[in-house]
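Reading through the structure tokens given below for one structure.
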Amino acid sequence: MALFNKPRIVSVSRRTDIPAFYGEWFMQRVRKGWTLSHNPFSHRVLRVSLRPEDVGAFVFWSKNFAPFLPYLAELKTLGYKMTFLYTLTGLPGVFEGRVPDAEVTVSTFRAISKMFSPRHIQWRYDPILLTSVTDEKFHLRRFRDLCRRLGGYTTRCYISFVNLYPKVERRLQALEKKGVKLLSVPEAEQAALAQRLAEIAAEHGIELYSCCNDHLVGGWVKKARCVDAELLAALFGLEVGLYRIKPTRKQCGCYESVDIGTYDTCPHGCIYCYANAGSKAGKNYLHHGPNSPALISRGNSLMDTTSD
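All you need for this note's numbering is the position in the sequence shown, starting with 1, plus 35.
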């Protein structure tokens with residue numbers, strides 16, 4: 036049995052959108068005090084304690100926290116520490132057709148900020164997708180508008196340019212039939228755009244951070260740590276020295292965490308998403324059981340379970 040002798044930072048989740056679609060399941064697991072996390076690479080299963088004393092903090096990720104709002108008061112009462120990474124891009128529906136309108140997401144963003152504080156909630160303007168319908172002028176206009184709406188409700192914005200995984204590139208190429216063409220933009224031009232966005236953000240009291248795009252770092256732009264033990268220490272007194280930086284991909288700056296989500300389970304269906312490989316997400320969502328110990332059951336894989 037593998038032992039874990041420090042409170043875990045629990046990521047909820049890079050792999051899917053638990054607050055938007057699986058809030059009931061998550062709260063069932065919190066009430067039970069544990070869940071199972073499947074490693075998508077080794078296929079091992081980890082039993083993760085969700086007892087308040089074993090959770091250093093929850094780091095929530097979502098494009099739509101509205102369905103999750105009713106659970107936040109209960110989590111606070113139980114003594115959990117939480118931060119929120121809220122993705123809000125305002126991209127046209129051709130790229131993220133099932134994501135709620137910006138009016139809805141801005142309202143929810145503000146509600147969380149008021150419930151906790153502007154430091155507890157970080158805005159993700161991610162990814163920056165440069166195409167024939169979302170060129171540099173589009174992003175400057177959209178970003179300025181969102182900064183105006185979110186100024187005073189957050190202190191940080193995390194950005195990155197779209198990562199062209201083969202599956203993402205295929206989806207974008209398919210959009211060419213609809214007149215949407217991906218623009219090839221050199222890194223120097225990306226960095227220049229990032230500096231302009233950072234200057235706009237600063238006008239609204241927001242600092243800009245680059246996630247997994249080190250060529251953007253410099254000047255007004257800092258390196259992002261989306262799972263940030265230093266921020267958690269400042270907010271909750273977490274002992275930074277207990278945690279090591281453990282990147283999840285190239286140029287990632289995150290501290291170690293355990294992710295309890297599962298790939299191919301997010302029905303948002305965004306064109307640029309790395310977490311969905313094909314058409315499985317909708318089917319997995321429909322067959323999901325809120326009482327399952329893991330987000331998606333894997334049959335006999337429970338025989339490989341290790342514990343914290």
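Every residue, glycine too, gets a C-beta built ideally from N, C-alpha and C.
In this structure, how does DSSP classify residue i when only helix, strand and coil are distinguished?
| i | result |
| --- | --- |
| S46 | strand |
| Y115 | coil |
| S142 | helix |
| S97 | strand |
| R133 | coil |
| L38 | Low local confidence applies: a pLDDT of 45 at L38 is under 50, so the model's placement there is unreliable, with the coordinate-based value given in what follows. Note: L38 maps to coil in three-state DSSP. |
| G58 | helix |
| N335 | Residue placement at N335 cannot be trusted, given a pLDDT of 36 that sits under 50; what the coordinates show is reported in the next sentence. Correct three-state label for N335: helix. |
| L217 | strand |
| T51 | coil |
| S342 | Low confidence applies here, because S342 scores a pLDDT of 48, under 50, leaving its location unreliable; read the following figure in that light. Of the three classes helix, strand and coil, the one that applies to S342 here is strand, per DSSP. |
| Y160 | strand |
| A312 | coil |
| V168 | coil |
| Y121 | strand |
| A226 | helix |
| A329 | coil |
| A108 | helix |
| G324 | coil |
| Y307 | coil |
Check whether the Cβ atoms of residue i and residue j sit closer than 9 Å, and answer yes or no.
| i | j | result |
| --- | --- | --- |
| N99 | T143 | yes |
| Y278 | K41 | yes |
| I235 | T189 | no |
| L232 | L175 | yes |
| L120 | R159 | yes |
| A92 | L330 | no |
| G324 | P302 | no |
| S292 | V80 | no |
| R85 | W69 | First, the amino acid is wrong: residue 85 is Leu here, not Arg. Cβ atoms of L85 and W69: closer than 9 Å. |
| I163 | V197 | yes |
| G125 | D180 | yes |
| P328 | L71 | yes |
| A310 | G288 | no |
Where does the unbroken beta strand (DSSP E) through residue i begin, and where does it stop?
| i | result |
| --- | --- |
| L71 | 69 to 73 |
| L81 | 80 to 84 |
| R154 | Run containing R154: none; DSSP gives neither H nor E here. |
| I194 | 191 to 196 |
Nearest to residue i by alpha carbon, out of the options?
| i | options | result |
| --- | --- | --- |
| I44 | V80, E88, E109 | E88 |
| D263 | T169, T118, R176, Y320 | T118 |
| C192 | A92, S245, N198, G313 | S245 |
| G296 | K281, G313, C287, N319 | N319 |
| I147 | A101, Q63, C247, C287 | A101 |
| Y106 | V215, E238, E59 | E59 |
| D249 | R184, Q286, P127, L266 | Q286 |
| P282 | Q63, D294, L110 | D294 |
| L218 | L181, A226, V83, L207 | L207 |
| G253 | L243, C261, F173 | L243 |
| C247 | F271, S195, V215 | S195 |
| V129 | V83, E211, E109, E265 | E211 |
| R154 | H239, L266, R133, L199 | L266 |
| P127 | D170, L199, S77 | D170 |
| Y307 | V141, G132, M62 | G132 |
| G304 | K258, H78, K202 | K202 |
| A229 | K257, E204, K67, R64 | K257 |
| E109 | T140, S332, M150 | M150 |
Where does the unbroken alpha helix (DSSP H) through residue i begin, and where does it stop?
| i | result |
| --- | --- |
| Y320 | 315 to 321 |
| R206 | 201 to 209 |
| C182 | 171 to 185 |
Would you check whether the ligand FMN has a heavy atom nearer than 8 Å to the C-beta of residue i?
| i | result |
| --- | --- |
| N311 | Looking for the ligand FMN in the displayed structure turns up nothing, as the structure carries no ligands at all. |
Open item on the list: Quick check for students: name the residue ranges of the alpha helix (DSSP H) that lie wholly in the segment 235 to 304, counting only runs of 4 or more.
Closed with: 264 to 271
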